[in-house]
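**Student:**
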Ligand SMILES: CC(C)(COP(=O)(O)OP(=O)(O)OC[C@H]1O[C@@H](n2cnc3c(N)ncnc32)[C@H](O)[C@@H]1OP(=O)(O)O)[C@@H](O)C(=O)NCCC(=O)NCCS
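Rendered as structure tokens:
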């Protein structure tokens with residue numbers, strides 16, 4: 122794949138009290154096929170800052186930026202038991218497109234995975 126057909130958009134979120142501390146980050150890894158642009162989405166928020174709206178802010182920025190870059194679809198994979206992440210994604214319009222049984226391992230346990238997508242155009 123040619124390098125100009127792949128790029129990454131990365132956001133990090135800093136603590137308001139300690140600007141050196143990153144409390145969350147999110148990125149899109151974008152692939153282009155002609156005029157079609159598909160992005161994979163990853164997000165992580167520090168354990169002690171979860172459930173305080175950081176994931177919502179990061180995801181909102183990511184989607185806003187994806188629209189500016191004319192991304193057609195954002196895709197992600199999530200463990201089916203990760204209800205917090207699924208709630209976050211659904212809030213922004215992501216839909217479950219497929220369910221894969223025993224598709225990943227997390228903390229020593231084999232888990233099912235949803236593939237979710239947000240179609241922007
Ligand atoms: C998933 C993750 C990114 C979400 O970020 P966050 O900052 O915790 O999310 P927010 O606080 O913005 O939003 C969480 C939402 O889930 C809801 N929620 C919290 N706990 C929940 C639970 N156990 N089940 C369902 N919903 C839950 C909250 O009420 C909130 O919804 P609301 O905005 O409608 O009130 C973060 O928790 C994280 O990094 N988890 C570990 C890594 C991970 O799972 N990454 C995603 C891999 S696909």
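Residue numbers (this note's numbering): 122 to 242.
A virtual CB, placed ideally from N, CA and C, is assigned to each residue, including glycine.
Model, not experiment: these values are computed from the prediction.
Rounded to whole angstroms, how far is the Cβ of residue 144 from the Cβ of residue 154, which I believe are closer than 8 Å?
**Tutor:** Against the chain shown, residue 144 aligns to sequence position 23. Against the chain shown, residue 154 aligns to sequence position 33. Wrong, their Cβ atoms sit about 35 Å apart, outside the cutoff.
**Student:** Pick from 217, 170 and 166: whose alpha carbon is nearest that of residue 235?
**Tutor:** On the chain shown, residue 235 is found 114 positions in, with the first residue counted as 1. Among 217, 170 and 166, the Cα nearest to that of residue 235 belongs to 217.
**Student:** Measuring only the C-alpha atoms, how far is residue 150 from residue 127?
**Tutor:** Numbered from 1 along the chain shown, position 29 holds the residue referred to as residue 150. Numbered from 1 along the chain shown, position 6 holds the residue referred to as residue 127. Cα-Cα distance, rounded: 7 Å.
**Student:** Measuring CA to CA, which of 223, 241, 142 and 175 is closest to residue 233?
**Tutor:** If you number the chain shown from 1, residue 233 lands on position 112. Closest option to residue 233, Cα to Cα, is 223.
**Student:** With DSSP as the reference, label residue 198 as helix, strand or coil.
**Tutor:** Position 77 of the chain shown, counted from the start, is the residue given in the question as residue 198. In the structure shown, residue 198 sits in a strand (DSSP, three-state: E or B).
**Student:** With H, G and I counted as helix, E and B as strand and the rest as coil, what does DSSP make of residue 161?
**Tutor:** For the purposes of this step, residue 161 is taken as residue 40 along the chain shown, with counting starting at 1. Strand.
**Student:** Within the region 165-196, note down every full alpha helix (DSSP H) run reaching 4 residues or more, in order along the chain.
**Tutor:** Runs of the alpha helix (DSSP H) inside the region 165-196: 175-189.
**Student:** Can you tell me whether DSSP reads residue 137 as helix, strand or coil?
**Tutor:** To locate residue 137, count along the chain shown from 1; it is residue 16. The answer is coil: DSSP assigns residue 137 none of H, G, I, E or B.
**Student:** Does residue 164 pass the burial test, meaning 16 or more other C-beta atoms within 10 Å, or should it be called exposed?
**Tutor:** The residue given as residue 164 occupies position 43 in the chain shown. By the 10 Å Cβ count, residue 164 comes out buried.
**Student:** Hey, could you find the ends of the beta strand (DSSP E) residue 239 is sitting in?
**Tutor:** Working through the chain shown from its first residue, we reach residue 239 at position 118. Run containing residue 239: 230-240, per the beta strand (DSSP E) assignment.
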